[in-house]
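Colleague:
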Amino acid sequence: MSRLYNPFGSLIVSFGTLSLMIFLASSSWVLAQDFNPKTLILDNGLQIVVIENNRAPVVTQMLFYKVGSADDPYGKSGLAHFLEHLMFKGTRKNPSGRFSEVVSSLGGKENAFTGHDYTGYYQTVPVEHLSLIMDLESDRMTGLVLNDESVNSERKVIIEERRSRVENNPYGLLKEKIDAILFLNHPYGIPVIGWQNEILELKTEDIVEFYKTWYSPNNAVLVVSGDVSSFQVFELAKRYYGKVPFRFVPHRERIKETSTRVEKKVILKDEKVGHPSWTRRWAVPSYSSTYKEKAFAIKIFVEILGGSLSSRLYTSLVVDRPLAVSTGAWYFPNYLDKTSMGIWVSPRPNVDINQLVISLETELKLVEQFGIKEEELNRAKNRLIDSSIFARDSLSGPAYLFGIALSTGRSVSDVEQWSKRVSEVTVEQVNSVAREILASQDFVTGVLMPKIKN
Amino acid sequence: MKQSSVIQNKTLFACVLCLIISFTQNARAVEIQEVISPGGVKAWLLEDRMLPITSVSFSISAGSSADPLKKSGLSNMVSLLLDGGAGKFNAEEFRRILEDRSIEMSFSVSKDYFSGNLKTLNRNRIKAFEMLNLAITKPRFDKVEIDRARSRILAEIASKRKDPKEIAEEALWSINFPGHPYARKTIGSNKSVGAITKHDLHDYVEKRFVRSNILIGVAGDITPSDLASLLDSTFPQPSNLEGKLFVETTFPSEAGGIYVYQLRQSQSNILFSHIGLPRGHPDYYGAYIINHILGGGSFTSRLYKEVREKRGLAYSVYSYLLPMKYSALWLGGASTDNRTASQTIQIIKNEWDRIHKAQITMEELSLAQDNITGSLALRFDSTSSISNILVAIQRQGLGINYINERNKKFKSVTLKDLRRIAKKWIDPDSLKFIVVGEPTGIKKGKLLKPK
């Protein structure tokens, strides 16, 4: 538990246990610039991004499909994630187990993940093997073979995954219910992994149909990062992915969320909770939703409110008064539709959580009424802009950034101009979004409490 | 990435131990330099000009197991307080200097080591090293900061006491090492944390942060001469207090069995343990390959295939070797439906048994060797992962040339070696299983009581 560790922050469900979770949670608020990516769109519509990085003779391939759990048909939640698991079950050409065996024998590692808006598959291997993993990944774009036996066996795995992440994890459980109430109508309110009863009912035919509907080159983004030249990558991609035919893919129709103007509160008392914590979330614009022009101001507002150890919340609740042991704020702007921002706090032992929340709300009122200072704005900007240099100090991180951006309605130049956009935000813009968000009653409060046995 | 709970440190520790370097197979020389400052401070450096960033990792060869019994949790508390004010700066001033210059400084503790990491943009490098120097040589330990850290630790202890994974972890260590410091939690207890004083904290820094105890690794865009001059002004001068802390070498308890901790949940969290091999033992490489075949190779291991792939019993199932300074374990885990906990344990046991009976094929050996040797370069992902590797190699005493020898060591292991090592080291009856949940069908399980 670091001081800013956010127990409510995890987003994404992945195939394996080598979870991307931590990496995702931290990089999602660290976008970047100056990656100098090279791009190409193949004749079949596959978009390719290459990020050269010659630190070590290795390469990461990430293939994103622009489809996620928010595209699951109503009543069939968990479909996109289920398919992600089943993509490891083999094709006509490469039967079950072969994909992983080949990647492993190359010295590689691999995994996959599903979000609300995208599904991603990646491998990292020594660079000389790039063509092999392209061959494998392009093959399973259309060649997947499924049967009831493998589907039913994997269903049990997913139920165990759900137990670990949600049913037996109080933070996961509370987060799931907050999402459900924050997005009453929009599919972001439905968990990526799916509702238990619906996962149990999903049929092999449902999954095959979903696969055939959405998995095609014109609905995918290939990001390659590593010790490669873009020319070489483009040639290989043409050879392997180029032969996969274009196929019509439906437009992603998403239900619009409306404002409810009502405060909501979710409380979980659980035997597995030893210390209370509290969170509050608001639905706000993302980088791609309506009112997306507000996203950068929100980014900075959240940074000032709770993004660091000198933030408003940390200073007032942890440093100036001995009330909280940890507090912070977060915002996940990388969504296609309206997303959420949140704050959390955990009291010191012997501090009443209600007292703490009163102080916290007073702090929020101060920001709402008096706004932020120019100096705070500049400090936040500098930190965010510097973080974009640190974001480049990774092989898979930048590949993930581009993949996620391009699968959620943004362009390469949007990513490249991220720092510039951050630097252009004004005090007035921050104060305007802060007032709008904080004055609204449309939020969800979540409380996690120990369950005291009688 | 900044999370530093006990478990995570341990897992990290486990991963770092098996990291080994060499790009030799990819025909690219990686040159690690030993930099010695004018004042005699040593550091290993791997220059990397890709970005204007410098990463420093260092490690003190004593962790929470060297904490005094009545002050257990002392190392952890120090790790929380080093950036909480130093020299002329109070906590707020100190952290603000770091934040305004985007200097990332963090400290963590495992049972065997105290570790620190510094990552900075080169334009702030001099300041960053200066702040690190203050943190490790002149921490203030102001009362208000001690109170804050203590309350945070107490909240964390309360959380962990109810967390099934933490409960299993704690039981595993106390069953394996009764009476030994390894049985104690890194975080300490309410009582021991309550007993820690300002004097204890200062004393800790004075006695443990001495030059002869520190191992340093640096990566990024920095020249050896720039580094040399910074080393002297950053790390402590030689001191008379270079006493070694004593922790007794120990063996995990021998008897196998199943231990059950009843907790209301739909899933059983299972951990298992077996005696491991010390990192310096010649059989270590063979055992590492055996583990890869058993439960280390993520989607190709036997445990993965038998427990997850064939039967769908668990989302996660794994094993790993954990060589420590004063002992060695071979650990693993799985989480499964309460109703299949007993079956899952049986399958895991069967797999250990098959390995023990030398049922390993040539194909399995070559696949494991290919993965282990081929994956080397993948570990050099960021400047901080590189600086951490440089420290890990020093900690294990593997030598600067280890890099070029590592893959040869794995490649030279034969099937005959594996079979001999499996017979010699593996005893399926000595496996201990810790089960937290409401498992059904477990016979002869010993009941663990809440503490």
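In order, the protein sequence lines correspond to chains A and B.
Position one of the first sequence corresponds to residue 1 (our numbering), numbered consecutively onward.
Position one of the second sequence corresponds to residue 1001 (our numbering), numbered consecutively onward.
All C-beta atoms, glycine included, are put in the ideal place defined by N, C-alpha and C.
When you compare the CB of A/S229 with every CB in chain B, is at least one pair closer than 7 Å?
Modeller: Position 229 of the first sequence, counted from the start, is the residue given in the question as residue 229 of chain A. It does not; no Cβ of chain B falls within 7 Å.
Colleague: Apply the 10 Å Cβ neighbour rule to B/L1447 and answer buried if 16 or more other Cβ atoms are within range, or exposed otherwise.
Modeller: The sequence position of residue 1447 of chain B within the second sequence is 447, counting from 1. Exposed, since its Cβ has fewer than 16 Cβ neighbours within 10 Å.
Colleague: Using a Cβ distance threshold of 8 Å, determine whether the region 1168 to 1185 of chain B contacts the region 339 to 359 of chain A, with at least three qualifying pairs required.
Modeller: With a cut-off of 8 Å, the region 339 to 359 of chain A and the region 1168 to 1185 of chain B do not count as touching, because too few Cβ pairs lie within range.
Colleague: Spatial neighbours of B/P1278 within its chain, please: C-beta separation below 6 Å, excluding the five flanking residues on both sides.
Modeller: Along the second sequence, one-based indexing puts residue 1278 of chain B at 278. If we look at B/P1278 and ignore the five residues flanking it on each side, its Cβ neighbours are P1323, A1328.
Colleague: Counting along the chain, where does the alpha helix (DSSP H) carrying B/H1356 start and finish?
Modeller: In the second sequence, the residue the question calls residue 1356 of chain B occupies position 356. Start and end: 1341 to 1356.
Colleague: Leaving out the 5 sequence neighbours to the left and right, which residues in its chain are closer than 7 Å to A/N431 when beta-carbon positions are compared?
Modeller: As a first step, residue 431 of chain A is located in the first sequence; it is residue number 431 there, counting from the start. Within the same chain, A/N431 has close Cβ partners G371, I372.
Colleague: Taking 8 Å as the threshold, find out whether the region 1074 to 1092 of chain B comes into contact with the region 1263 to 1277 of chain B through three or more Cβ pairs.
Modeller: At 8 Å Cβ cutoff, the stretches do not touch.
Colleague: With a threshold of 16 other CB atoms inside 10 Å of the CB of B/E1248, please say whether the residue is buried or exposed.
Modeller: Here residue 1248 of chain B refers to the residue found at position 248 of the second sequence. Counting Cβ neighbours within 10 Å, B/E1248 comes out exposed, since fewer than 16 surround it.
Colleague: At what residues does the alpha helix (DSSP H) containing B/G1087 begin and finish?
Modeller: Residue mapping note: residue 1087 of chain B aligns to position 87 of the second sequence, counting from 1. Run containing B/G1087: none; DSSP gives neither H nor E here.
Colleague: Assuming B/G1188 and B/S1072 form a contact by the criterion Cβ under 8 Å, report the distance between their Cβ atoms to the nearest whole angstrom.
Modeller: Residue numbering aside, residue 1188 of chain B sits at position 188 when the second sequence is read from its first letter. Residue numbering aside, residue 1072 of chain B sits at position 72 when the second sequence is read from its first letter. B/G1188 to B/S1072, Cβ: 4 Å. Contact.
Colleague: Would you say A/N36 lies against chain B (beta-carbon separation less than 7 Å)?
Modeller: As a first step, residue 36 of chain A is located in the first sequence; it is residue number 36 there, counting from the start. Taking Cβ atoms only, chain B never reaches closer than 7 Å to A/N36, which makes this a no.
Colleague: On a CA-only basis, which of A/L438, A/T315, A/A220, A/S105 is nearest B/L1376? Give me that one, please.
Modeller: For the purposes of this step, residue 1376 of chain B is taken as residue 376 along the second sequence, with counting starting at 1. Residue A/S105 is the option with its Cα nearest to B/L1376.
Colleague: Applying a beta-carbon distance threshold of less than 9 Å, which residues of chain A neighbour B/T1186?
Modeller: Taking the second sequence and counting its residues from 1, one reaches residue 1186 of chain B at position 186. The contacting residues do not exist; B/T1186 stays about 13 Å from chain A at best.
Colleague: In chain order, which continuous runs of the beta strand (DSSP E) of length 3 or greater are located wholly inside the region 223 to 287 of chain A?
Modeller: Those beta strand (DSSP E) runs which fall completely within the region 223 to 287 of chain A and span 3+ residues are 264 to 270, 277 to 284.
Colleague: For a quick check, are the C-beta atoms of B/V1035 and B/L1045 less than 7 Å apart?
Modeller: The residue labelled residue 1035 of chain B in the question sits at position 35 within the second sequence. The residue labelled residue 1045 of chain B in the question sits at position 45 within the second sequence. In this structure, B/L1045 lies closer than 7 Å to B/V1035 by Cβ.
Colleague: Ignoring anything shorter than 3 residues, give me the beta strand (DSSP E) runs that lie fully in the region 326 to 359 of chain A, in order along the chain.
Modeller: Segments of the beta strand (DSSP E) lying fully in the region 326 to 359 of chain A: 339 to 347.
Colleague: I'd like to know whether the C-beta of A/R348 is nearer than 7 Å to at least one C-beta of chain B.
Modeller: Working through the first sequence from its first residue, we reach residue 348 of chain A at position 348. Yes, contact with chain B.
Colleague: Could you pull the start and end residues of the alpha helix (DSSP H) that A/V422 belongs to?
Modeller: Numbered from its first residue, the first sequence carries residue 422 of chain A at position 422. Start and end: 418 to 424.
Colleague: Run down chain B in chain order and give the residues with a C-beta less than 9 Å from the C-beta of A/R392.
Modeller: Position 392 of the first sequence, counting from 1, holds the residue named residue 392 of chain A. Going along chain B in sequence order, the residues near A/R392 (Cβ under 9 Å) are M1050, L1051, I1053.
Colleague: Check the C-beta distance from A/S69 over to A/V192 and give it rounded, since I have them as a contact under 8 Å.
Modeller: Here residue 69 of chain A refers to the residue found at position 69 of the first sequence. Here residue 192 of chain A refers to the residue found at position 192 of the first sequence. Their Cβ separation, rounded to whole angstroms, is 4 Å, which keeps A/S69 and A/V192 in contact under 8 Å.
Colleague: Should B/I1021 be flagged as near chain A, meaning a C-beta pair shorter than 7 Å?
Modeller: Sequence index remark: in the second sequence, residue 1021 of chain B carries index 21 (1-based). Per-residue confidence for B/I1021 stands at a pLDDT of 35, beneath the threshold of 50, marking its modelled position as unreliable; no derived number is given.
Colleague: Pick from A/S229, A/G90, A/S277, A/L79: whose alpha carbon is nearest that of A/T155?
Modeller: Within the first sequence, residue 155 of chain A is the residue found at index 155, counting from 1. Per the sequence shown, residue 155 of chain A should be read as Arg rather than Thr. It is A/L79 whose Cα lies nearest to the Cα of A/R155.
Colleague: If you run the structure through DSSP and keep just helix, strand and coil, what is A/M480?
Modeller: Here chain A comprises residues numbered 1 to 454, so residue 480 of chain A is not present and cannot be evaluated.
Colleague: By how many angstroms is the C-alpha of B/I1348 removed from the C-alpha of B/H1274?
Modeller: Locating residue 1274 of chain B in the second sequence gives position 274, where the first residue counts as 1. Locating residue 1348 of chain B in the second sequence gives position 348, where the first residue counts as 1. Taking the straight line from one Cα to the other gives about 12 Å.
Colleague: Give the interface partners of A/P456 over in chain B, defined as CB-CB distance under 9 Å, in chain order.
Modeller: Look at the range of chain A in this structure, 1 to 454, and you will see that residue 456 of chain A is not part of it.
Colleague: At which residues does the beta strand (DSSP E) containing A/Q61 begin and terminate?
Modeller: As a working mapping, residue 61 of chain A is identified with position 61 in the first sequence. Segment 58 to 65, the beta strand (DSSP E) holding A/Q61.
Colleague: Under a three-way DSSP split, which group does B/K1432 fall into?
Modeller: As a first step, residue 1432 of chain B must be located in the second sequence, where it is residue number 432. Correct three-state label for B/K1432: strand.
Colleague: Kindly indicate if chain A contains any beta-carbon less than 7 Å away from that of B/N1371.
Modeller: Mapped onto the second sequence, residue 1371 of chain B falls at position 371. For B/N1371, the answer is yes, since a Cβ of chain A falls inside 7 Å of its Cβ.
Colleague: Measure the C-alpha to C-alpha separation of A/W29 and A/F332 and round it to an integer number of angstroms.
Modeller: Within the first sequence, residue 29 of chain A is the residue found at index 29, counting from 1. Within the first sequence, residue 332 of chain A is the residue found at index 332, counting from 1. Caution is warranted here: a pLDDT of 36 is assigned to A/W29, below 50, making its placement in the model unreliable, and no coordinate value can be reported.
Colleague: Bridge partners of A/N431, per DSSP?
Modeller: Numbered from its first residue, the first sequence carries residue 431 of chain A at position 431. According to DSSP, A/N431 bridges with nothing at all.
Colleague: Quick one: what's got a C-beta closer than 6 Å to A/L174's C-beta in the same chain, skipping five residues either side?
Modeller: Sequence index remark: in the first sequence, residue 174 of chain A carries index 174 (1-based). Same-chain partners within the cutoff: L268, G446, L448.
Colleague: Based on DSSP bridge pairs, tell me the residues matched to B/S1335.
Modeller: For this step, residue 1335 of chain B is matched to residue 335 along the second sequence. BP columns for B/S1335 point to B/N1269.
Colleague: Put A/N169 into one of helix, strand or coil per three-state DSSP.
Modeller: Taking the first sequence and counting its residues from 1, one reaches residue 169 of chain A at position 169. In the structure shown, A/N169 sits in coil (DSSP, three-state: anything other than H, G, I, E or B).
Colleague: Under a three-way DSSP split, which group does A/E375 fall into?
Modeller: Counting from 1 along the first sequence, the entry for residue 375 of chain A is found at position 375. Helix.
Colleague: So, helix, strand or coil for A/T124, using DSSP?
Modeller: Translated into positions along the first sequence, residue 124 of chain A becomes position 124. DSSP places A/T124 in strand when its eight states are reduced to three.
Colleague: Return the chain-ordered list of same chain residues with a C-beta closer than 8 Å to the C-beta of A/S26, the five sequence neighbours on each side being excluded.
Modeller: The residue given as residue 26 of chain A occupies position 26 in the first sequence. In this predicted model, A/S26 has a pLDDT of only 35, less than 50, meaning its place in the structure is not dependable enough to derive any value.
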